[in-house]
Every structure is written in C-alpha cells, then in structure tokens.
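*Asks:* Residue numbers (my numbering), protein chains in the order written: chain D, 35 to 403; chain Z, 35 to 403.
Number of protein chains: 2
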Amino acid sequence: MRRSSKSSSARRKPTINEVAKLAGVAVGTVSNVITGAVPVSEKLREKVQAVISNLDYHPNYVARSLKTSRTRMLGIIVPDLTIPFYPQIIRGVETAAHQRDYSLIAVSSEDDLNRERELLSLLRSQRMEGILLVTAAEPTSHTSILRITEEGIPLVLVDRIPDKVSVDSVSVEDAAAAQMGVEHLIAMGSQRIAIITGPLTLTNERERLRGYKSALRRAGLMPDDGLIWEGNLCRGDVAAMCRERLRDTTARPDAIFSTNGPTGLGVLRALRDCGLHTPEDIGFVTFDELVVEDVFLPSITTIVQPAFEIGFQAADILLKRIEGKSKHYKPVTVRLPATLAVRASSQIIAGTLAPSVHSSQNDVTTKPS
Amino acid sequence: MRRSSKSSSARRKPTINEVAKLAGVAVGTVSNVITGAVPVSEKLREKVQAVISNLDYHPNYVARSLKTSRTRMLGIIVPDLTIPFYPQIIRGVETAAHQRDYSLIAVSSEDDLNRERELLSLLRSQRMEGILLVTAAEPTSHTSILRITEEGIPLVLVDRIPDKVSVDSVSVEDAAAAQMGVEHLIAMGSQRIAIITGPLTLTNERERLRGYKSALRRAGLMPDDGLIWEGNLCRGDVAAMCRERLRDTTARPDAIFSTNGPTGLGVLRALRDCGLHTPEDIGFVTFDELVVEDVFLPSITTIVQPAFEIGFQAADILLKRIEGKSKHYKPVTVRLPATLAVRASSQIIAGTLAPSVHSSQNDVTTKPS
DNA sequence: CTGTTAGCGCCTTCAA
DNA sequence: TTGAAGGCGCTAACAG
Numbered sequence: 035m036r037r038s039s040k041s042s043s044a045r046r047k048p049t050i051n052e053v054a055k056l057a058g059v060a061v062g063t064v065s066n067v068i069t070g071a072v073p074v075s076e077k078l079r080e081k082v083q084a085v086i087s088n089l090d091y092h093p094n095y096v097a098r099s100l101k102t103s104r105t106r107m108l109g110i111i112v113p114d115l116t117i118p119f120y121p122q123i124i125r126g127v128e129t130a131a132h133q134r135d136y137s138l139i140a141v142s143s144e145d146d147l148n149r150e151r152e153l154l155s156l157l158r159s160q161r162m163e164g165i166l167l168v169t170a171a172e173p174t175s176h177t178s179i180l181r182i183t184e185e186g187i188p189l190v191l192v193d194r195i196p197d198k199v200s201v202d203s204v205s206v207e208d209a210a211a212a213q214m215g216v217e218h219l220i221a222m223g224s225q226r227i228a229i230i231t232g233p234l235t236l237t238n239e240r241e242r243l244r245g246y247k248s249a250l251r252r253a254g255l256m257p258d259d260g261l262i263w264e265g266n267l268c269r270g271d272v273a274a275m276c277r278e279r280l281r282d283t284t285a286r287p288d289a290i291f292s293t294n295g296p297t298g299l300g301v302l303r304a305l306r307d308c309g310l311h312t313p314e315d316i317g318f319v320t321f322d323e324l325v326v327e328d329v330f331l332p333s334i335t336t337i338v339q340p341a342f343e344i345g346f347q348a349a350d351i352l353l354k355r356i357e358g359k360s361k362h363y364k365p366v367t368v369r370l371p372a373t374l375a376v377r378a379s380s381q382i383i384a385g386t387l388a389p390s391v392h393s394s395q396n397d398v399t400t401k402p403s
Numbered sequence: 035m036r037r038s039s040k041s042s043s044a045r046r047k048p049t050i051n052e053v054a055k056l057a058g059v060a061v062g063t064v065s066n067v068i069t070g071a072v073p074v075s076e077k078l079r080e081k082v083q084a085v086i087s088n089l090d091y092h093p094n095y096v097a098r099s100l101k102t103s104r105t106r107m108l109g110i111i112v113p114d115l116t117i118p119f120y121p122q123i124i125r126g127v128e129t130a131a132h133q134r135d136y137s138l139i140a141v142s143s144e145d146d147l148n149r150e151r152e153l154l155s156l157l158r159s160q161r162m163e164g165i166l167l168v169t170a171a172e173p174t175s176h177t178s179i180l181r182i183t184e185e186g187i188p189l190v191l192v193d194r195i196p197d198k199v200s201v202d203s204v205s206v207e208d209a210a211a212a213q214m215g216v217e218h219l220i221a222m223g224s225q226r227i228a229i230i231t232g233p234l235t236l237t238n239e240r241e242r243l244r245g246y247k248s249a250l251r252r253a254g255l256m257p258d259d260g261l262i263w264e265g266n267l268c269r270g271d272v273a274a275m276c277r278e279r280l281r282d283t284t285a286r287p288d289a290i291f292s293t294n295g296p297t298g299l300g301v302l303r304a305l306r307d308c309g310l311h312t313p314e315d316i317g318f319v320t321f322d323e324l325v326v327e328d329v330f331l332p333s334i335t336t337i338v339q340p341a342f343e344i345g346f347q348a349a350d351i352l353l354k355r356i357e358g359k360s361k362h363y364k365p366v367t368v369r370l371p372a373t374l375a376v377r378a379s380s381q382i383i384a385g386t387l388a389p390s391v392h393s394s395q396n397d398v399t400t401k402p403s
C-alpha cells in the first residue's frame, strides 16, 4: 500500500524516515551520516549509505533549509540578459558562488523598476542568503535597498551604483575608462568628438561623461554641449537621434564616443544609414564589446570592462558578508580598471589601413593610467 | 525582548504568526489574504495588508514549499557558460519560465560527467520541479536520466541528445543545417572541403558529419576520410591539429567546415598562424556565432542556431509536463531549423569583395529546405 | 467567513 | 555513539 507499483507512474520521493526504517536505525543517525556533523560507526554508516543509494534518496533541501534557515543560494538581478556584459558578470558570480557551494539564481528586471521590486521581493521570499543587484536605469530607491540590508540580507551593488548609497559595490572606473577612450580618439587626431550617452540618471553615465570632458580639457579642447547627446539605451531610438543630428553636415563631429554597448550599436546603425564609414569619415570608439552578428567592418575600437572579474569580486564580497567574515561596518567599494582594445574604427590618422588588418593580432590593449 | 533594538544589527524576519498577532487575526486568515485561495472580508484583508507592509513581511517560500511540495523552480545544466550559445538558450528558458511564474537556476557542468552528476543530484535535492539538461560531451547514462523521470521529475534534453533515449528533447536539425552549410561552400566553388568536428561521441556531431557527407554526395563529390578531422571542443587543441594538417600543402582543402563555435575559433587561429586568409586562400563556414573579440576580418559565414527558441520551446514542454497538461506517454521531439548567415569568409568565387562589404546588410539568410 | 490544528522533512538538542 | 522528540513557517482541512 505504501508504494503503488504501477509501472511508469511517478514514485514518491523517499524521505529520511524511510531510509532510517529500511536501515534499521533512527532518523538522527541517518542525518548524521549525511551531514557528517556527528561521527557514526562504520557499520551503521555503511548500512545507511547502502539504503540511500538503493532508494536513490536525495535529502530534501527545502526541509533542511526550513530547519537551519540557510539556503546556500544567491540571487542576482540584472537589467537585461541580452546585453552580453551581464551574462559575463553572471559567470563570474557563478564561479565564485560555486567554489563555496552556493547556487545562483539570476533574473532580469528588463530595466523596469516595478519588475525589479517584484524580483527583490521574490528573492527575499525565496530566502536568498545574499543579493547582487544591478539597478534599473531609473535607480532603485535607497530605502528599498536599506530595508533589505537591515533585515540582515547582504546586498552588493554591481555595475550601476546609485549616488551615495552606503552599501558594498563593485564596478568599473567609469571616468578613467571614458577618459582613456576619448584621449585615444584625440591622439588619433579627432578635434570634434561627440559623446552619446545612456540616461544621465545613471551615475555611470555621468561619470563617463565626466571622463569625456576631462579628456577634452586636458587636451585643451572645449567641451561643447551641442556634442553631448543623451540617449535612452534603446538601439533604435539612439540610431534615430544620431541620424537626425548627423544630417547637419556643417556641425558634424569628426569622431563619436559611445558610453555603452546598446548605444554603440545604435550609433553604428545610424552611421550605416547615413553612408558614413569609420574611420575614414568619422572615428568611433564605444564602451563594451558588441555581439558578433552586429559587427561591422571595419572592426570597432572598444573599452572593455572586466565583466567576469566584476561578478567574481562582487560575489566574493557578498559571500564574506554572509559568512560573517567581513565585520566592517564600512561598505566595501571596488572600482576595477577597464582596458582599451584598439581596432580599426578609431585609426583616423593612420589612415591607410594596413592590408593585413586581418586578425585580432592588431589589437592593442592598454590600461588606463 | 522579542526584538533587539541595537541599531544596525539584523532584525529577525517576521513570520506569519507575528503578522497575525499584530493584525489581531488568525494565521489562517493571513495565509488566505496572501494566497488569495480563500476570500477574506474587505476589512480584515486591509488590516492584514497594512501590517504586512509595515513589517515588510515576506512569506517564507521555503516553508511554503515544504508544505505544498512545490518550489516553482526549474533547473538547467549546460556544459559551458562561456559558449555564447548557452546563455542564449538560458534566456529563452528564463523567458518561458518567468511567464508562468517559475524561477530558473542555471548551472554549468564544465562538460564533466561527474560534475554533471553532482549537479543533477543538487537540483534534485533542491526539489526543482523540472530539469533541462544539455549533457556533457561524454554523454549522460540513460539510467541516471531515467531515475529522474521515474521519480516524477520532468526532464527535457536540450541541444545534445544521446542516442535512443526516450525522453522529451529539443535541438536543431543538425544534419540539414550542416548540409546547407556545405552545399553553400560547394556552390561557391569549393571541391575539397574539410570538416572539423567535435567529439563524435556526441550525436549532434555525428549528425552534422552526416549532413556534410550527404551534401558532398549530392554534388557528386566523394567524401574523403582524410578530410574529416575530429576535434575535442578545445580551441587550442583544434588549432594545433589544424596547423599540423594544413602544413601539407599538397593535400590542403580549399574550404573548411567547422561544426561548432569553439572549434571554429580554433580553426581561425590555425588559419592565422598558417598565414592563410579567407576567402582568398581557403573558404570557411562554421556552426554558431563567434564572440566579437575573436572576430576576424573578413567576416565569417556561420550557421545560426535559434538558441533562444530552443530554450523557450524546451521550457514550454517542461512546463506542460509539470502542469500535467501533457499526458502523452510518448516523448516530444522538437527539431528546429537553423539558418545560414552568408558573410565574407565563404565568398570564394565572388572573389572581389565588394568595397562596401561594410555592414550586415550584406548578410543573406536562408533556411534549409 | 474565520480560527484551530496537524503535519510537510529535516536537524538538533538531550538522554540514554 | 545512538534514539526520541520538538519545532522551523506555512498551508489545508476542518470546525465553528
């Protein structure tokens, strides 16, 4: 009666009780052999192990979690899984988490604040032991973040860091990275460099803009507000905006600096639509690597963020908090350097493309000073 | 005494009991307003809601799961998160799962059978309601798969389908896709086409090889075993193998067909090392899009798998099984068509690259017939 | 409609 | 070292 023997119908999952019964021991003993917390005599241990593998028994972690109030699970919320940057971060997190026997659950907010709120709520209900958060473009309110940390759930902000929230965070040195990119463009001979940004509500974007300006100033060039074009992270919209502004050939920039991947793709589309070629007609550098299906010839100079490393370090900080090893009250703030992958799209002066611009051998990589 | 008022120390998480007490109702009532399963009077409901938001109460899903024995979680195991193909599949799964209020937990087996076994075990212990599996290259044993499905956990195989396992599965039409790629190469004038495969223990790889052969035969060309090079999915090893074999200039193929992304990258590296250029010196087509940092000029013709769709459909099948809507005993088998993105690397005959091979406008996309 | 209660499967004292 | 018992937080069934 215990177990229906209908052939292909689902068997019930065995419990620790059945294991104990079959092995002729008490449940406590079974638990001890499983967790290894308390030593068990050789004999009993073997008997129990045998029953476990016979039954194909798998301890119920949800029951265990309820008892121990630990889930060994981490959650990460990113705004968009389709931007390659985020999956890379997630890989970094997964790696760090896995090393310490944590699982990761990754979800996407679609850059929507409400969705993000729901997700945060879900992760809390699921009793994640720690949360990694890349906020939506319209940034998460301080209070909703604080509510989480105050409840004892460690949280680290990743990539997009709202202003003066005192929480752990890791991201890239935005200003320095942007400055590096713009300085490169200047070195290649550009004088009128337009910058296309994402929403300036994002601190990152403001920082990148800052880096752009300081590069210009250092080169004795005056930032021109007419060359600062604010986009919305939507490829199509950015393309439309650029087409519009590039139409005015008299005031056309001689180079474009894009502060993120989706924007960069929008710019490229606009350039194509306007019949402009890089680098002959206009120089181009963008933050973030682009996906290959959208790659244009010639190849694009990009600012590469250490995405894996960002994720890995963020997870590391989080795990230290969880395991209580990090007793600092002060939030940890990590800022990693980006690198510049020089490719064809910015070789303005070099002019004649070497006929062998053929492979990534031609890539030059530098770190910001 | 109930709650320490030390300022920055973690508050305990409120339980349904506290909510009930503060709201002056019974726990059952609180449960009813939360789940909505049983109607509750306007008054009480509001009172309860108020307490909930005051307390910032989040129902403990692990307790709920223990009671209901449902987790609303899906697990997916892929062999390698760094191959862009898999994150794309995962996005498809995530999308489908989210639509029905399931969460997804994605893990990587590193293409290792033991690791895969551990992960399967983990997912079972975590009481995932369904499992998506891309097996390791050394394929998962039938019995370990059956043990899972027999226990009532729906499982669908994705991308890599072991021979004659009667389980739900979704993947691409490997043979047709490969045939399409090779026929394209033939149409461009190639006569001696080498194929570089992954381990032929994988059914996919064997199918792709089959497609290659039938394309040749249909064109009246004899498959030459000397042009079938079996690799191991490791970029470096594949590159070494190709360098070796390409050295023999007398028997050199006039085109190369690669059956997967990592292998394709290895081939490209070898070509570079040998000073061979596509398409002038040798034609080239590969399965799967490559990541941009590895993109070579000129652009590469690829066979594009509908990765998102694969993931989405797999999740759909899985969810139907979970919700018991799919009463079929017969396993569902879905095979999706791939498309061919024709780019520069295969334009052997065309010879003169149009000077405007500039954008993806030049891409031509076709479906296998 | 509301309140009470009995477990879900496991871990952890505590005694033996 | 082993066994017995309580309870983690919640839902579902039932009684009021």
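Built from N, CA and C at the ideal position, the CB exists for glycine as well. Model, not experiment: these values are computed from the prediction.
For Val141 (chain Z), list the residues DSSP reports as bridge partners.
*Replies:* BP columns for Val141 (chain Z) point to Z:Ile111.
*Asks:* Pick from Z:Met107, Z:Leu89 and Z:Asn88: whose alpha carbon is nearest that of Val96 (chain Z)?
*Replies:* Per the Cα distances, Z:Met107.
*Asks:* Per the contact definition of three or more C-beta pairs closer than 8 Å, is the region 46-59 of chain Z in contact with the region 71-87 of chain Z?
*Replies:* Counting Cβ pairs under 8 Å, three or more are found: they touch.
*Asks:* Could you tell me which residues DSSP puts in a beta bridge with Phe318 (chain Z)?
*Replies:* Partner(s): Z:Ile290.
*Asks:* Let me know the beta strand (DSSP E) ranges lying completely inside the region 154-235 of chain D, each 3 residues or longer, listed in chain order.
*Replies:* Within the region 154-235 of chain D, the complete beta strand (DSSP E) runs of at least 3 residues are 164-167, 189-192, 202-206 and 227-231.
*Asks:* Going by CA-CA distance only, name the one from Z:Asp146, Z:Gly186, Z:Arg46 and Z:Ile124 that's closest to Ser175 (chain Z).
*Replies:* When only C-alpha atoms are compared, the closest one is Z:Asp146.
*Asks:* State the Cα-Cα distance for the pair Ala228 (chain Z) and Leu302 (chain Z), rounded to the nearest angstrom.
*Replies:* Cα to Cα, Ala228 (chain Z) sits roughly 14 Å from Leu302 (chain Z).
*Asks:* Output the distance between the C-alpha atoms of Ala140 (chain D) and Gly126 (chain D), rounded to the nearest integer angstrom.
*Replies:* Taking the straight line joining both Cα atoms gives about 12 Å.
*Asks:* Provide the residue(s) that pair with Arg369 (chain D) in DSSP beta bridges, ordered along the chain.
*Replies:* In DSSP, Arg369 (chain D) forms a bridge with D:Ser205.
*Asks:* Counting pairs of Cβ atoms below 8 Å between the region 210-226 of chain Z and the region 252-262 of chain Z, do you hit three or more?
*Replies:* These segments touch.
*Asks:* Mind listing the chain D neighbours of Leu353 (chain Z)? Cutoff is C-beta to C-beta under 9 Å, in chain order.
*Replies:* Per Cβ cutoff of 9 Å: no residues; Leu353 (chain Z) is ~17 Å from chain D at best.
*Asks:* Rounded to a whole number of angstroms, what is the C-alpha to C-alpha distance between Ile50 (chain Z) and Ile165 (chain D)?
*Replies:* The alpha-carbon atoms of Ile50 (chain Z) and Ile165 (chain D) are separated by roughly 23 Å.
*Asks:* Should Val133 (chain Z) go down as buried or exposed, given a rule of 16 or more other Cβ atoms within 10 Å for buried?
*Replies:* Residue identity check: residue 133 (chain Z) is Gln in the sequence provided, not Val. It is exposed - the Cβ of Gln133 (chain Z) has fewer than 16 other Cβ atoms within 10 Å.
*Asks:* I'd like to know if Asn66 (chain D) contacts chain Z, where contact means its C-beta is closer than 8 Å to some C-beta of that chain.
*Replies:* False, the Cβ-Cβ gap to chain Z never drops below 8 Å.
*Asks:* Could you spell out the range, first to last residue, of the beta strand (DSSP E) harbouring Ile262 (chain D)?
*Replies:* Residues Ile262 to Glu264.
*Asks:* Would you please state the rounded distance, in angstroms, between the beta carbons of Gly232 (chain Z) and Thr297 (chain Z)? I believe it to be under 8 Å.
*Replies:* So it is a contact: roughly 6 Å between Cβ atoms.
*Asks:* Count the other CB atoms, across all protein chains shown, that sit within 10 Å of the CB of Tyr91 (chain Z); report buried if there are 16 or more and exposed otherwise.
*Replies:* Looking at its Cβ environment, which holds 16 or more other Cβ atoms inside 10 Å, Tyr91 (chain Z) is buried.
*Asks:* Measure the alpha-carbon distance for Glu327 (chain D) versus Glu357 (chain Z) and round it to whole angstroms.
*Replies:* Unreliable placement is indicated for Glu327 (chain D), whose pLDDT of 44 sits below 50; the coordinate value is still reported in the next sentence. When rounded, the distance between both Cα atoms is 37 Å.
*Asks:* Using a Cβ distance threshold of 8 Å, determine whether the region 107-125 of chain Z contacts the region 340-347 of chain Z, with at least three qualifying pairs required.
*Replies:* Yes, since at least three Cβ pairs between the region 107-125 of chain Z and the region 340-347 of chain Z fall closer than 8 Å, the two stretches touch.
*Asks:* Within 10 angstroms of its Cβ, does Pro16 (chain D) collect 16 or more other Cβ (buried), or is it exposed?
*Replies:* For chain D, the structure presents residues 35 to 403; residue 16 (chain D) sits outside this window and is missing.
*Asks:* Any residues in the region 76-94 of chain Z with a beta carbon nearer than 7 Å to a beta carbon of chain D? Which ones, in chain order?
*Replies:* Answer in chain order: Asp90, His92, Pro93 and Asn94.
*Asks:* Who are the Cβ neighbours of Phe330 (chain D) in its own chain at under 6 Å, not counting the five residues just before and after it?
*Replies:* Its pLDDT being 48, under 50, Phe330 (chain D) is placed unreliably in this model, and the value from its coordinates should be taken loosely. Excluding positions up to five away in sequence, the list reads Leu302.
*Asks:* Comparing alpha-carbon positions, which option in D:Glu239, D:Arg277 and D:Arg279 lies nearest Leu267 (chain D)?
*Replies:* Nearest of D:Glu239, D:Arg277 and D:Arg279 to Leu267 (chain D), Cα basis: D:Glu239.
*Asks:* Ignore the nearest five residues each way along the sequence and tell me which others in Thr307 (chain D)'s own chain have a CB closer than 6 Å to its CB.
*Replies:* The question names Thr, yet the displayed sequence has Asp at residue 307 (chain D). Cβ within range, chain order: Arg277.
*Asks:* Got a sec: is the Cβ-Cβ distance from Pro365 (chain Z) to anything in chain D below 8 Å?
*Replies:* No, because no Cβ of chain D sits closer than 8 Å to the Cβ of Pro365 (chain Z).
*Asks:* Can you list, in chain order, the residues of its chain with a C-beta nearer than 8 Å to that of Ser137 (chain Z)? Leave out the 5 residues immediately preceding and following it.
*Replies:* So the qualifying residues of the chain are Arg106, Met107, Leu108 and Ala131.
*Asks:* Should Thr400 (chain D) be flagged as near chain Z, meaning a C-beta pair shorter than 8 Å?
*Replies:* Because the pLDDT of Thr400 (chain D) is 46, which lies under 50, any placement of that residue in the model is unreliable, and the question is left without a value.
*Asks:* For Val64 (chain D), I'd like the list of residues in its chain whose CB is within less than 6 Å of its CB, leaving aside the five on either flank, ordered along the chain.
*Replies:* Only Ile50, Val53, Ala54 and Val82 meet the Cβ criterion.
*Asks:* To the nearest angstrom, how far is the alpha carbon of Val74 (chain Z) from that of Ile124 (chain Z)?
*Replies:* For Val74 (chain Z) and Ile124 (chain Z), the distance between alpha carbons rounds to 39 Å.
*Asks:* For chain D, find out if any of its Cβ atoms is closer than 8 Å to the Cβ of Glu185 (chain Z); answer yes or no.
*Replies:* With 8 Å as the cut-off, Glu185 (chain Z) counts as an interface residue toward chain D.
*Asks:* Whose CA, out of D:Glu241, D:Val366 and D:Arg194, lies closest to the CA of Ser200 (chain D)?
*Replies:* Of D:Glu241, D:Val366 and D:Arg194, the residue nearest in Cα terms is D:Val366.
*Asks:* Taking buried to mean at least 16 other C-beta atoms within 10 Å of its own C-beta, is Ala349 (chain D) buried or exposed?
*Replies:* By the 10 Å Cβ count, Ala349 (chain D) comes out buried.
*Asks:* Any contact between the region 199-216 of chain D and the region 176-183 of chain D? By contact I mean 3 or more CB pairs, one from each, below 8 Å.
*Replies:* Taking 8 Å as the limit for Cβ pairs, the verdict is that the region 176-183 of chain D does touch the region 199-216 of chain D.
*Asks:* So, for Ile195 (chain D): in the same chain, excluding its five sequence neighbours on each side, which residues have a beta-carbon less than 7 Å away from its beta-carbon?
*Replies:* The answer, listed in chain order, is Ser203, Ser205 and Thr237.
*Asks:* For Asp322 (chain D), does the count of other Cβ atoms within 10 angstroms reach 16, so buried, or fall short, so exposed?
*Replies:* Burial call: buried.
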